[in-house]
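Residue numbers (my numbering): 47 to 645.
Have a look at this one:
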């Protein structure tokens with residue numbers, strides 16, 4: 047069955063769908079007869095009507111399942127023929143200039159080609175704007191008539207949404223059934239790929255047959271989602287068909303956001319599989335008996351959350367950046383000797399992520415009660431660094447940033463430094479662009495805040511939306527992936543002020559406090575990821591100088607783990623000295639995340 051991804055609440059929900067998606071697409075067979083609404087759903091169809099008892103092939107969890115027949119001994123010739131026909135078709139004149147006409151268009155076969163082949167071909171057949179998801183309809187339950195649109199494969203499409211009562215599915219707020227009719231196919235083998243989205247979930251499906259398809263949402267995530275759908279409807283996006291393999295590849299991401307033991311185990315398994323992480327249980331006690339007098343201004347806090355909404359988000363952040371921590375904060379002592387924690391990403395009473403300075407005791411109590419099961423390490427500064435740490439300058443900077451929002455503007459740009467060596471498969475610049483496009487439609491204000499302003503800064507333009515940015519990029523002879531690699535500049539000021547993520551906020555404070563001398567003017571800290579930060583050679587390197595309460599185990603790490611049931615790893619911790627233009631052009635591909643020297 048299809049799975050929807052809750053983007054805000056963070057708990058995955060398995061929705062009753064009209065069918066099970068096939069494990070792989072079938073070999074070419076006799077073309078199905080189009081236009082008959084009573085025909086049975088052919089093998090490879092992306093849906094079946096609710097209540098049908100016909101057996102279906104189950105959805106794979108791995109993209110390689112699309113080639114499973116070849117691995118089991120089936121001949122690979124069909125793919126070779128399809129690839130050959132694709133090449134021939136791309137070279138044929140358009141508009142009937144020759145007598146030969148293939149029964150399919152080149153784009154029809156892209157979903158069953160390897161992703162490494164499909165996307166480059168799509169780039170040659172279309173411009174960058176054509177590869178964006180296309181918003182085609184908002185299907186609302188109270189609409190006077192069905193939503194209608196033209197698809198890439200099916201010329202005639204219509205959809206209607208019917209709300210279902212809570213008692214039908216055993217839920218309090220009920221769900222919905224979306225009925226989508228397709229007709230008038232452009233060719234024998236084409237398909238349309240759709241994403242159905244609200245700000246609370248994303249689910250997807252693809253269709254081969256001309257008939258009515260049914261998508262059932264068993265339950266809304268919360269009352270707010272139901273109210274959103276009543277007012278705005280479910281947004282329907284028509285996707286480039288070559289994205290099918292990418293979506294199949296992302297299936298194992300969906301359970302990460304569940305705030306359950308299952309969700310925690312999913313996060314641990316994901317990090318073990320994709321990053322080579324290990325999770326060794328620590329001996330008790332899991333909570334350090336901290337003596338606050340041993341903590342000094344500038345000491346770094348690295349956090350790793352492993353369940354729930356933030357656990358899932360941090361897991362994906364770790365995967366794409368190579369960091370073995372997902373959040374950071376920094377300690378500050380005032381003139382009275384009281385200990386405080388400064389943090390970008392502190393959640394206030396309104397649920398907003400802001401920059402805040404809170405007393406240590408308050409921050410520590412919240413950490414102990416955090417349902418995301420955080421693992422926390424304290425990284426003390428090296429005595430030589432501490433001796434030149436300008437505490438008053440650090441306080442001045444921190445106070446000047448209090449109340450400003452978390453640095454969503456430059457969140458993704460600290461990670462993307464290169465054209466192709468920062469995207470763990472199946473991610474790539476095309477998928478990043480697609481997600482930006484969909485989110486722009488669903489949450490236009492958030493989209494402008496998260497990337498439009500930052501992309502305009504890179505072009506030296508103002509006020510362009512995402513499509514305008516892409517068009518302007520093409521005019522200048524650049525690709526979108528090249529634009530993403532332009533380094534962030536610390537002096538850029540956005541509509542809501544300077545933008546700093548959790549880690550760039552700390553490093554900007556370090557910069558003001560003199561930690562990066564003599565490279566202060568030649569380092570852009572907004573280009574740093576969490577991994578880049580803990581790899582800096584600025585922390586204590588003598589275990590004997592660490593506080594006595596730091597370690598209760600024989601195998602002592604080179605830092606203080608103060609909370610957590612699993613031993614924290616920080617590979618290459620405290621190894622790279624600062625240098626000019628640091629971290630502006632660094633690859634980061636899993637599972638090793640190797641980087642050149644002085645990168």
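Where a beta carbon is used, it is the ideal one built from N, C-alpha and C, also for glycine.
DSSP puts residue i in a beta bridge; with which residues?
{"i": "residue 451", "result": "400"}
{"i": "residue 524", "result": "In the DSSP output, where bridge partners are listed per residue, residue 524 has none listed."}
{"i": "residue 570", "result": "The partner list for residue 570 (beta bridge, DSSP) is empty, contrary to what the question assumes."}
{"i": "residue 333", "result": "609"}
{"i": "residue 543", "result": "540"}
{"i": "residue 203", "result": "195 and 228"}
{"i": "residue 582", "result": "622"}
{"i": "residue 373", "result": "349"}
{"i": "residue 385", "result": "379"}
To the nearest angstrom, report how far apart residue i and residue j are at their CA atoms.
{"i": "residue 607", "j": "residue 433", "result": "24 Å"}
{"i": "residue 353", "j": "residue 610", "result": "13 Å"}
{"i": "residue 620", "j": "residue 465", "result": "28 Å"}
{"i": "residue 586", "j": "residue 593", "result": "11 Å"}
{"i": "residue 468", "j": "residue 459", "result": "11 Å"}
{"i": "residue 596", "j": "residue 448", "result": "30 Å"}
{"i": "residue 196", "j": "residue 203", "result": "6 Å"}
{"i": "residue 452", "j": "residue 545", "result": "7 Å"}
{"i": "residue 542", "j": "residue 183", "result": "32 Å"}
{"i": "residue 640", "j": "residue 321", "result": "12 Å"}
{"i": "residue 339", "j": "residue 381", "result": "13 Å"}
{"i": "residue 187", "j": "residue 219", "result": "15 Å"}
{"i": "residue 535", "j": "residue 318", "result": "34 Å"}
{"i": "residue 578", "j": "residue 277", "result": "44 Å"}
{"i": "residue 248", "j": "residue 300", "result": "10 Å"}
{"i": "residue 314", "j": "residue 298", "result": "12 Å"}
{"i": "residue 446", "j": "residue 645", "result": "31 Å"}
{"i": "residue 345", "j": "residue 457", "result": "23 Å"}
{"i": "residue 310", "j": "residue 304", "result": "8 Å"}
{"i": "residue 602", "j": "residue 533", "result": "37 Å"}
{"i": "residue 494", "j": "residue 190", "result": "32 Å"}
{"i": "residue 411", "j": "residue 404", "result": "11 Å"}
{"i": "residue 643", "j": "residue 316", "result": "28 Å"}
{"i": "residue 503", "j": "residue 537", "result": "11 Å"}
{"i": "residue 257", "j": "residue 228", "result": "5 Å"}
Go through its chain and collect everything with a Cβ distance to residue i's Cβ below 7 Å, but skip five positions before and after it.
{"i": "residue 172", "result": "The predicted position of residue 172 is uncertain, since its pLDDT is 49 and thus under 50; a value taken from the coordinates is nonetheless stated next. Nothing meets the Cβ criterion."}
{"i": "residue 584", "result": "427, 428, 431 and 561"}
{"i": "residue 568", "result": "626 and 627"}
{"i": "residue 393", "result": "399"}
{"i": "residue 462", "result": "468, 530 and 531"}
{"i": "residue 635", "result": "467 and 470"}
{"i": "residue 622", "result": "581, 582 and 583"}
{"i": "residue 507", "result": "518"}
{"i": "residue 205", "result": "183, 185, 192, 193, 224, 225, 226 and 282"}
{"i": "residue 632", "result": "463, 641 and 645"}
{"i": "residue 337", "result": "593 and 595"}
So, using beta-carbon positions, are residue i and residue j closer together than 8 Å?
{"i": "residue 387", "j": "residue 369", "result": "no"}
{"i": "residue 518", "j": "residue 505", "result": "yes"}
{"i": "residue 539", "j": "residue 553", "result": "no"}
{"i": "residue 371", "j": "residue 390", "result": "no"}
{"i": "residue 224", "j": "residue 185", "result": "yes"}
{"i": "residue 378", "j": "residue 334", "result": "no"}
{"i": "residue 488", "j": "residue 281", "result": "yes"}
{"i": "residue 496", "j": "residue 454", "result": "yes"}
{"i": "residue 221", "j": "residue 264", "result": "yes"}
{"i": "residue 613", "j": "residue 326", "result": "yes"}
{"i": "residue 246", "j": "residue 271", "result": "yes"}
{"i": "residue 284", "j": "residue 238", "result": "yes"}
{"i": "residue 286", "j": "residue 484", "result": "no"}
{"i": "residue 347", "j": "residue 414", "result": "no"}
{"i": "residue 615", "j": "residue 324", "result": "yes"}
{"i": "residue 527", "j": "residue 475", "result": "yes"}
{"i": "residue 230", "j": "residue 201", "result": "yes"}
Whose C-beta lies closer than 6 Å to the C-beta of residue i among residues of the same chain, with five residues either side of it excluded?
{"i": "residue 559", "result": "435, 436, 439 and 440"}
{"i": "residue 629", "result": "573, 574 and 578"}
{"i": "residue 419", "result": "352 and 353"}
{"i": "residue 312", "result": "301 and 302"}
{"i": "residue 605", "result": "423 and 425"}
{"i": "residue 131", "result": "Because the pLDDT of residue 131 is 40, which lies under 50, any placement of that residue in the model is unreliable, and the number read from its coordinates should be weighed accordingly. Excluding positions up to five away in sequence, the list is empty."}
{"i": "residue 208", "result": "223"}
{"i": "residue 638", "result": "none"}
Does the ligand ZN have even one heavy atom less than 7 Å from the beta-carbon of residue i?
{"i": "residue 588", "result": "No copy of the ligand ZN appears in this structure; indeed no ligand is present at all."}
> Which runs of the beta strand (DSSP E), 3 residues or longer, sit entirely within the stretch 390-434?
Replying inline: 399-405 and 421-425
> Which whole runs of the alpha helix (DSSP H) in the stretch 221-293 are 4 residues long or more, in chain order?
Replying inline: 269-278
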